[in-house]
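Residue numbers (the working numbering): 5 to 260.
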């Protein structure tokens, strides 16, 4: 760029000295930017996770830098053991990760966006760091409320309670079923199976077993109870099996 400067010098009116200077302006790379997505919460053992468009507004810089490529860098993870596949974000902003089997907890992830413009002449090719969190929840532990239940043979129904403890901040379900102990399905009780669905915050559910009253004197009999197939990362606890005792209420005939 040329610059002309007029200077009045000495005592001669209107005398000037012209000075010409050239200034070269070098281009400097501007830092890229992006908008991060929301924190993520998943259940334990949820498997591979993929969130399309988690990061948005990926911006390499002003118009003269629009051809630059950008890529995300994860530069911090304060709980790496929480994952079997570490969190990563691709060049389109898709977030992927896989929680480690059986693990629960929280991780804070630090990342930035880097462009291909380099750092010559004091340029900046990396955005400021941003952080987000990934929470892996344990959605509870299922147990029978007791290892032993009792019902009279003439009681018609036995009510069985299943509890959920530990983390209850998610939905989860568990299946249940009955099987013969010394009692026989069809003659002493009605075989029962089903699924109990627990909403967020719910800690107990019940199911019933129909008891068949007969006229036989056969003593007390038992039915086996079992919990199976918890979902959404929930566990079976130490009382995932139980026994229902049907108390024989048939009077013993008086000998003649």
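Glycine included, C-beta positions come from ideal geometry on N, C-alpha and C.
Identify, in the order they occur along the chain, each residue of the same chain with its Cβ nearer than 8 angstroms to the Cβ of residue i, setting aside the five sequence neighbours on each side.
{"i": "residue 240", "result": "145, 146, 147, 178, 231, 232, 234"}
{"i": "residue 204", "result": "172, 173, 174, 175"}
Pick out whichever of the options has its Cα sitting closest to the Cα of residue i.
{"i": "residue 86", "options": "110, 78, 80", "result": "110"}
{"i": "residue 150", "options": "260, 54, 245", "result": "245"}
{"i": "residue 223", "options": "58, 97, 156", "result": "156"}
Starting from residue i, trace the beta strand (DSSP E) in both directions and tell me its first and last residue.
{"i": "residue 136", "result": "134 to 141"}
{"i": "residue 267", "result": "Not covered by the structure: residue 267. The range shown for the chain is 5 to 260."}
{"i": "residue 118", "result": "109 to 119"}
{"i": "residue 225", "result": "225 to 232"}
For residue i and residue j, I'd like the C-alpha separation in whole angstroms.
{"i": "residue 217", "j": "residue 83", "result": "58 angstroms"}
{"i": "residue 153", "j": "residue 215", "result": "13 angstroms"}
{"i": "residue 78", "j": "residue 45", "result": "19 angstroms"}
{"i": "residue 229", "j": "residue 133", "result": "54 angstroms"}
{"i": "residue 188", "j": "residue 255", "result": "20 angstroms"}
{"i": "residue 93", "j": "residue 135", "result": "13 angstroms"}
{"i": "residue 166", "j": "residue 118", "result": "52 angstroms"}
{"i": "residue 39", "j": "residue 236", "result": "30 angstroms"}
{"i": "residue 194", "j": "residue 88", "result": "45 angstroms"}
{"i": "residue 182", "j": "residue 162", "result": "12 angstroms"}
Determine whether the beta carbon atoms of residue i and residue j lie at a separation below 8 angstroms.
{"i": "residue 108", "j": "residue 52", "result": "no"}
{"i": "residue 68", "j": "residue 106", "result": "no"}
{"i": "residue 74", "j": "residue 64", "result": "yes"}
{"i": "residue 41", "j": "residue 72", "result": "no"}
Short of 6 angstroms in beta carbon distance, which residues of its chain neighbour residue i, apart from the five on each side in sequence? Order them along the chain.
{"i": "residue 225", "result": "186, 187, 192, 250"}
{"i": "residue 130", "result": "116, 118"}
{"i": "residue 37", "result": "63, 131"}
{"i": "residue 260", "result": "none"}
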